[in-house]
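The next block holds one structure in the form of structure tokens; read it before the comments.
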Amino acid sequence: MTDTDLLIETMDNRVRRRNDRRDMFKMVLGAAAVGAGAFAFASPAAAQTVTDADVLNFALNLEYLEANFYSYAVFGTPIDLALTTGSVGTFGTATGGRKVTFTDPVVAQYAKEIANDEIAHVKFLRAALASAAVAQPRIDVGIDPNGAFSSAARAAGLIGATTAASPTFFDPYANDINFLLGAFIFEDVGVTAYKGASPLIANKAYLEAAAGILAVEAYHASIVRTVLYAKGVDTRAAATKISDARDSLDGGTDLDQGLGDATTSNIVPLDSNGLAYSRTTGQVLNIVYLTKAAVSAGGFFPNGLNGSIKTSTQQA
Amino acid sequence: MHTTPILSEVLERSALRREERRGFLRMAGGAAAAVGGMSLLAACGNDNNGTTPTPTPAPTPTPTPTGAINDGDVLNFALNLEYLEAQFYSFAVFGTGLASTMLDGVGTQGSVTGGRKVTFTDPVVAAYAREIAGDEIAHVAFLRAALGNAKVAMPAINIDGGATGAFTVAARAAKVVGATGTFDPYASDENFLLGAFIFEDVGVTAYKGASPLLTNKTYLEAAAGILAAEAYHAGLVRTVLYAKGMTTPALRTNAGLISDARDSLDGSTDDDQGITSTDTTQSNIVPTDNDGIAYSRSTGAVLNIVYLNNASVSMGGFFPAGVNGAIRTSAAN
Numbered sequence: 009m010t011d012t013d014l015l016i017e018t019m020d021n022r023v024r025r026r027n028d029r030r031d032m033f034k035m036v037l038g039a040a041a042v043g044a045g046a047f048a049f050a051s052p053a054a055a056q057t058v059t060d061a062d063v064l065n066f067a068l069n070l071e072y073l074e075a076n077f078y079s080y081a082v083f084g085t086p087i088d089l090a091l092t093t094g095s096v097g098t099f100g101t102a103t104g105g106r107k108v109t110f111t112d113p114v115v116a117q118y119a120k121e122i123a124n125d126e127i128a129h130v131k132f133l134r135a136a137l138a139s140a141a142v143a144q145p146r147i148d149v150g151i152d153p154n155g156a157f158s159s160a161a162r163a164a165g166l167i168g169a170t171t172a173a174s175p176t177f178f179d180p181y182a183n184d185i186n187f188l189l190g191a192f193i194f195e196d197v198g199v200t201a202y203k204g205a206s207p208l209i210a211n212k213a214y215l216e217a218a219a220g221i222l223a224v225e226a227y228h229a230s231i232v233r234t235v236l237y238a239k240g241v242d243t244r245a246a247a248t249k250i251s252d253a254r255d256s257l258d259g260g261t262d263l264d265q266g267l268g269d270a271t272t273s274n275i276v277p278l279d280s281n282g283l284a285y286s287r288t289t290g291q292v293l294n295i296v297y298l299t300k301a302a303v304s305a306g307g308f309f310p311n312g313l314n315g316s317i318k319t320s321t322q323q324a
Numbered sequence: 345m346h347t348t349p350i351l352s353e354v355l356e357r358s359a360l361r362r363e364e365r366r367g368f369l370r371m372a373g374g375a376a377a378a379v380g381g382m383s384l385l386a387a388c389g390n391d392n393n394g395t396t397p398t399p400t401p402a403p404t405p406t407p408t409p410t411g412a413i414n415d416g417d418v419l420n421f422a423l424n425l426e427y428l429e430a431q432f433y434s435f436a437v438f439g440t441g442l443a444s445t446m447l448d449g450v451g452t453q454g455s456v457t458g459g460r461k462v463t464f465t466d467p468v469v470a471a472y473a474r475e476i477a478g479d480e481i482a483h484v485a486f487l488r489a490a491l492g493n494a495k496v497a498m499p500a501i502n503i504d505g506g507a508t509g510a511f512t513v514a515a516r517a518a519k520v521v522g523a524t525g526t527f528d529p530y531a532s533d534e535n536f537l538l539g540a541f542i543f544e545d546v547g548v549t550a551y552k553g554a555s556p557l558l559t560n561k562t563y564l565e566a567a568a569g570i571l572a573a574e575a576y577h578a579g580l581v582r583t584v585l586y587a588k589g590m591t592t593p594a595l596r597t598n599a600g601l602i603s604d605a606r607d608s609l610d611g612s613t614d615d616d617q618g619i620t621s622t623d624t625t626q627s628n629i630v631p632t633d634n635d636g637i638a639y640s641r642s643t644g645a646v647l648n649i650v651y652l653n654n655a656s657v658s659m660g661g662f663f664p665a666g667v668n669g670a671i672r673t674s675a676a677n
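So the protein sequences, as listed, match chains A and B.
Everything in the first sequence is counted per this note's numbering, starting at 9 for the first residue and increasing by one.
Everything in the second sequence is counted per this note's numbering, starting at 345 for the first residue and increasing by one.
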């Protein structure tokens, strides 16, 4: 981390601690209903070996999320219903998104390109998994003050606390910058998720395909980071706050990086060996569930993921 | 790299040396649990280029079947490509190449022909160039540390922008310049970006194509990390070329020509794409197949591109004396 990052982090710590507590309470309350049952389910599953299908289905859940976010932003609709069915798991709708009125034509083009790639990933993984493919779970990509995007933005310090009298919310569909920040929340996570899962995949054909999706997520992340960096000081700072929030959710290890400053860009988040980071499935779920706790639902997946990998990691 | 503020080359070099040692220890520790330590890799390193690998007290050296490739061969193949990228970016940013301590190893050590500092006009492009240079130097350090005594030396590299340089040969083949024109990637921001474009997507397809060849899970995950870094780099370069192409359309056209040239060198399969879609009002920053998946290249196809030759040869283009290591022959297309 740079000195600037440390400074920002120090300034944000009080806010974050407050938000963490609030999120924790919210999660505890929200998870209470499913917590006991999920734990009983998760324990025997954890004792089993994770299969390639488990890993690919985990990825498919994340692709459902990304594809729906971009599909709403670009086309104004969720992904085709025919791409969401499955006999495994409980089907849910993806709700709350809307079409972005882009002002920068280049950003509009990038958004469309990414949307089509993510939809292709859903199709590919469903075809590869065939009858073992999980159904799309319930997905929240809306702008409700208590919804996932607003909670994530609040945890990052991008918006203040919400009250009934003066609600605060984050709308990733409001303009180009907000869309890019919304995209930023996901893209680097996809890279670290695929990298972390790479040694879990036994079949070489699946491994190479997963490496191909990993590469595409990294291209996407790079587009989003490059454009946010070029847009100036404020967007750099906002992206870095989101990065810090991800880092605070997924445990003590520093696995995330912001965009750098005017003289030293940091488009590529890498360790000192020049390698991208890995996240475990549990750490990825900490981020998309927006919690440091071990739970099986929350955040962008109000009813949790479908499939055998669905529990986030308990972080200190 | 975020953790390495680029104050001066000297500072960075010392930081890298420190990281190299740290990386080595981390790698050795991880590998010890997985495959019984670095000695296995050292023992199985390349042996097809007439040099004698340093004897290593491996407990049970595993005989390698003739023609089979091992993890060391694959990582050394990658190291050759990282030498090339690191030297190009290092010269473009710092005006000098890799430190002499980062060049030795198995095989014939060569020197660098060409390369000079770019006078950047856009400070953002300069920042990106510094960042990528730092990353590629880190990749060289990391792979050398991971390979230990089995690492190959840097082969002869041609990154010259003059009339006889490899960049000019590539640019003429791509028709970015005419049959007698020259292409100097150090002459301007735009040329630098096009020079970088020649390499970056190739790195992505090379690491993806090599991923199923790696047997050790630790190396596999590390290679996936480099693959990601190369894809970030490629995405960065393509995004900037596309954005600048709004006012300088030739950048988009030339990126397409370079992509086409790569495609014609590496065989009949279409595994490359320019930065504009067939619908010319739409970007194509991410080169993917219909499944939204990045392409793979075999080692032979990668060598077709860096040797600038669609025939089966063992040297040429950016590597005038060939790459070092067991994997060194391009495919016959």
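Note that the Cβ used here is the ideal one computed from N, Cα and C, for glycine as well.
Check your understanding: Exposed or buried, what is Pro113(A) when buried is set at 16 or more other beta-carbons lying within 10 Å of its beta-carbon?
Key -> To locate residue 113(A), count along the first sequence from 1; it is residue 105. By the beta-carbon neighbour count (other beta carbons within 10 angstroms, threshold 16), Pro113(A) is exposed.
Exercise for review: Grab me the residues of Gln626(B)'s own chain with a C-beta within less than 8 Å of its C-beta, minus the 5 sequence neighbours each way, in chain order.
Suggested key: In the second sequence, counting from the first residue as 1, residue 626(B) sits at position 282. Once the five neighbours on either side are set aside, the close Cβ partners of Gln626(B) are Thr620.
Check your understanding: By DSSP, does Ser159(A) sit in helix, in strand, or in coil?
Key -> If you number the first sequence from 1, residue 159(A) lands on position 151. Here Ser159(A) sits in helix by DSSP.
Practice item. Could you list which residues in chain B have their beta carbon closer than 7 Å to that of Pro207(A), in chain order? Key: Translated into the one-based positions of the first sequence, residue 207(A) becomes position 199. The answer, in chain order, is Lys561, Leu564 and Glu565.
Review point. Out of His129(A), Asp258(A), Gly266(A) and Ala305(A), which has the shortest C-alpha to C-alpha gap to Leu91(A)?
Key: Start at 1 with the first residue of the first sequence, and residue 91(A) comes out as number 83. That would be His129(A), whose Cα lies nearest to the Cα of Leu91(A).
Review point. So which of Pro593(B), Leu538(B), Ala540(B) and Leu425(B) has the shortest CA-CA distance to Phe663(B)?
Key: Mapped onto the second sequence, residue 663(B) falls at position 319. For Phe663(B), the nearest C-alpha among the options comes from Leu425(B).
Point to revise | Beta-carbon spacing of Arg146(A), Asn311(A) below 8 Å | key: In the first sequence, residue 146(A) corresponds to position 138, counting from 1. In the first sequence, residue 311(A) corresponds to position 303, counting from 1. It is a contact, given that the beta carbons lie within the stated cut-off.
**Study point:** Three-state secondary structure assigned by DSSP to Gly198(A)
**Key:** The sequence position of residue 198(A) within the first sequence is 190, counting from 1. In this structure, DSSP gives Gly198(A) a helical state, which the three-state scheme calls helix.
Check your understanding: Relative to the C-alpha of Ala497(B), which residue among Asn677(B), Ala676(B) and Ala670(B) is closest?
Key -> Along the second sequence, read from residue 1 onward, the residue named residue 497(B) stands at position 153. Ranking Asn677(B), Ala676(B) and Ala670(B) by Cα distance to Ala497(B) puts Ala670(B) first.
Check your understanding: Which residue comes first and which comes last in the alpha helix (DSSP H) that contains Gly416(B)?
Key -> The residue you call residue 416(B) lines up with position 72 of the second sequence. Note, Gly416(B): alpha helix (DSSP H), Asp415 to Phe438.
Exercise for review: Measure the Cβ-Cβ separation of Val232(A) and Ala191(A) and say whether it is below 8 Å.
Suggested key: Mapped onto the first sequence, residue 232(A) falls at position 224. Mapped onto the first sequence, residue 191(A) falls at position 183. Yes, they are a contact pair.
**Study point:** Interface residues of chain A facing Gln626(B) [CB-CB closer than 8 Å]
**Key:** For the purposes of this step, residue 626(B) is taken as residue 282 along the second sequence, with counting starting at 1. Gln117, Lys120 and Glu121, listed in chain order.
Practice item. Please confirm whether Thr261(A) and Leu293(A) have their CB atoms less than 8 Å apart. Key: The residue you call residue 261(A) lines up with position 253 of the first sequence. The residue you call residue 293(A) lines up with position 285 of the first sequence. No; because the gap between Cβ atoms is not below 8 Å, this pair is not in contact.
Check your understanding: Looking at C-alpha atoms only, which residue of Ser608(B), Lys461(B) and Pro499(B) is the closest neighbour of Arg672(B)?
Key -> The count along the second sequence starts at 1 and reaches residue 672(B) at position 328. Checking every option, the nearest Cα to that of Arg672(B) belongs to Pro499(B).
Practice item. Output, in chain order, the set of chain A residues within a Cβ distance shorter than 7 Å of Leu571(B). Key: Position 227 of the second sequence holds residue 571(B). Residues of chain A passing the Cβ test: Ala219, Leu222 and Ala223.
**Study point:** Within-8 Å CB hit, Tyr78(A) to chain B
**Key:** One-based indexing of the first sequence puts residue 78(A) at position 70. No, Tyr78(A) lies away from the interface with chain B (no Cβ there is under 8 Å from its Cβ).
Check your understanding: Any residues in the stretch 630 to 641 of chain B with a beta carbon nearer than 9 Å to a beta carbon of chain A? Which ones, in chain order?
Key -> Val630, Pro631, Thr632, Asp633, Asn634, Asp635, Gly636, Ile637, Ala638, Tyr639 and Ser640
Practice item. Grab the span of the alpha helix (DSSP H) containing Ser251(A) for me, first residue to last. Key: For the purposes of this step, residue 251(A) is taken as the residue at position 243 of the first sequence. Val241 to Leu257 is the extent of the alpha helix (DSSP H) around Ser251(A).
Point to revise | Proximity test, Cβ basis, 8 Å: Thr613(B) and chain C | key: Although the question refers to chain C, the structure presented lacks it and instead comprises the protein chains A and B.
Exercise for review: Please name the residue in Val142(A), Arg162(A), Phe187(A) and Asp269(A) whose C-alpha comes closest to that of Thr176(A).
Suggested key: If you number the first sequence from 1, residue 176(A) lands on position 168. Thr176(A) has its Cα closest to that of Arg162(A), out of Val142(A), Arg162(A), Phe187(A) and Asp269(A).
Check your understanding: In the DSSP assignment, what residue or residues form a beta bridge with Val450(B)?
Key -> As a first step, residue 450(B) is located in the second sequence; it is residue number 106 there, counting from the start. Val450(B) is bridged to Val496(B).
Review point. In whole angstroms, what is the alpha-carbon distance linking Ser555(B) and Ala218(A)?
Key: As a working note, residue 555(B) is residue 211 in the second sequence. As a working note, residue 218(A) is residue 210 in the first sequence. Cα-Cα distance, rounded: 10 Å.
Point to revise | Ser320(A): CB within 7 Å of a non-hydrogen atom of the ligand COA | key: With respect to small molecules bound, the structure shown includes none, and the ligand COA cannot be examined in it.
Review point. How many angstroms separate the CA atom of Leu222(A) from the CA atom of Thr170(A)?
Key: For the purposes of this step, residue 222(A) is taken as the residue at position 214 of the first sequence. For the purposes of this step, residue 170(A) is taken as the residue at position 162 of the first sequence. If you take the alpha carbons of Leu222(A) and Thr170(A), they lie about 36 Å apart.
Practice item. From the DSSP output, read off the bridge partner residues of Ser627(B). Key: Residue mapping note: residue 627(B) aligns to position 283 of the second sequence, counting from 1. Residue pairing by DSSP puts Ser627(B) in a beta bridge opposite Thr620(B).
Review point. Among residues of its own chain, excluding the 5 on either side of Asp184(A), which ones have a beta-carbon nearer than 7 Å to its beta-carbon?
Key: Sequence index remark: in the first sequence, residue 184(A) carries index 176 (1-based). Result list for Asp184(A): Phe110, Thr111, Asp112 and Val115, in chain order.
**Study point:** Stretch-stretch touch, CB-based, cutoff 8 Å, three pairs: the stretch 85 to 99 of chain A with the stretch 286 to 305 of chain A
**Key:** no
Review point. Does the stretch 249 to 266 of chain A touch the stretch 442 to 459 of chain B, meaning 3 or more C-beta pairs lie closer than 8 Å?
Key: no
Exercise for review: Could you name the residues of chain B that Thr271(A) contacts, counting a contact when the two beta carbons are closer than 7 Å?
Suggested key: Position 263 of the first sequence holds residue 271(A). The answer, in chain order, is Ala471.
Point to revise | Near-chain A residues of the stretch 587 to 603 of chain B (beta-carbon distance less than 8 Å), N- to C-terminal order | key: Here the close residues are Ala587 and Met590.
Review point. Is DSSP giving Asn502(B) helix, strand or coil here?
Key: Within the second sequence, residue 502(B) is the residue found at index 158, counting from 1. If DSSP states are grouped into helix, strand and coil, Asn502(B) belongs with the strands.
Exercise for review: To the nearest angstrom, report how far apart Phe581(B) and Ala655(B) are at their CA atoms.
Suggested key: Within the second sequence, the letter at position 237 stands for residue 581(B). Within the second sequence, the letter at position 311 stands for residue 655(B). The sequence shown places Val at residue 581(B), rather than the Phe named in the question. Distance between the alpha carbons of Val581(B) and Ala655(B): 29 Å.
Review point. What number of angstroms, rounded off, separates the C-alpha of Ala531(B) from the C-alpha of Pro153(A)?
Key: By 1-based counting over the second sequence, the position of residue 531(B) is 187. By 1-based counting over the first sequence, the position of residue 153(A) is 145. The alpha-carbon atoms of Ala531(B) and Pro153(A) are separated by roughly 52 Å.
Review point. What does DSSP give as the partner residues of Val142(A) in its beta bridges?
Key: Counting from one through the first sequence, the residue named residue 142(A) turns up at place 134. Beta-bridge partners assigned by DSSP to Val142(A): Val96(A).
Exercise for review: Report all residues from its chain with a CB closer than 6 Å to the CB of Gly439(B); omit the five preceding and five following residues, and keep chain order.
Suggested key: Residue mapping note: residue 439(B) aligns to position 95 of the second sequence, counting from 1. These residues qualify, in order along the chain: Lys461.
Review point. How would you label Gln144(A), buried or exposed, when you count the other beta carbons within 10 angstroms and need 16 or more for buried?
Key: Residue mapping note: residue 144(A) aligns to position 136 of the first sequence, counting from 1. Its Cβ being crowded by 16 or more others within 10 Å, Gln144(A) is buried.
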